[in-house]
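Input: a single structure, listed below in structure tokens.
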Amino acid sequence: MNPLKMMKAMFASAPRLNPSECAARVRSGKALLIDVREPGEWAAGVAQSAQLLPLSDLTGSRAEWKQFLAQVEGREVLLYCASGGRSGMATSILVAEGVQAANTGGLSDWLDAGWPLANTTAPRPKKLPRK
-15 MNPLKMMKAM
-5 FASAPRLNPS
5 ECAARVRSGK
15 ALLIDVREPG
25 EWAAGVAQSA
35 QLLPLSDLTG
45 SRAEWKQFLA
55 QVEGREVLLY
65 CASGGRSGMA
75 TSILVAEGVQ
85 AANTGGLSDW
95 LDAGWPLANT
105 TAPRPKKLPR
115 K
């Protein structure tokens, strides 16, 4: 995406969903949960089954995002960050690129919905689970 389109996308409104509405879709594999916080923030905890793909990589080189987006296969992408701001930007960028994505707020929203916290020392998945 060219820089001008990316800037416009970052400030466009993004679809927003409540984590409690999304939990069943993530558990079934119909949706993928993505944490867009930066690596230094992940030590505080990550929502179970979330993949760690920082916003800085989405807006930068896409070293990690490129492979992920090639494997999405039409599934919904649900994003969260610390409070919902960065996940909103990431959602807007992805929606502008034709990805079915929604902002689900912050990690605390997932925890408030009863979603478990995962072990942050586990390696990131290399391939997406099959539908």
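Just so you know, we're using the numbering used here here: the sequence shown kicks off at -15 and counts up by one. Where a beta carbon is used, it is the ideal one built from N, C-alpha and C, also for glycine.
- A contact between stretches requires three or more CB pairs, one per stretch, nearer than 8 Å, and the stretch 85 to 102 meets this requirement with the stretch 25 to 37.
- If the five residues before and after Ser40 are omitted, its C-beta is found closer than 7 Å to the C-beta atoms of Glu22, all from its own chain and listed in chain order.
- Of the residues assessed, Ser71 falls on the buried side of the cut-off, its CB having 16 or more other CB atoms within 10 angstroms.
- The C-beta of Gly89 has 16 or more other C-beta atoms within 10 Å across all chains shown, which makes the residue buried.
- Lys14 is positioned such that its CB atom lies no closer than 8 Å to that of Glu81.
- The three-state reading of DSSP puts Thr75 in helix, counting H, G and I together.
- Ala97 is bridged by DSSP to nothing; it lacks a bridge partner.
- In the structure shown, Arg59 falls within a coil segment according to DSSP collapsed to helix, strand and coil.
- Between Val56 and Val20, the gap from beta carbon to beta carbon reaches 8 Å or more.
- In the three-state scheme derived from DSSP, where H, G and I count as helix and E and B as strand, Arg11 is classed as helix.
- Inter-residue distance for Leu16 and Glu5 is about 14 Å (C-alpha atoms, whole angstroms).
- Of the residues Gly24, Arg46, Leu91, Ser92, the one whose Cα lies closest to the Cα of Ile77 is Arg46.
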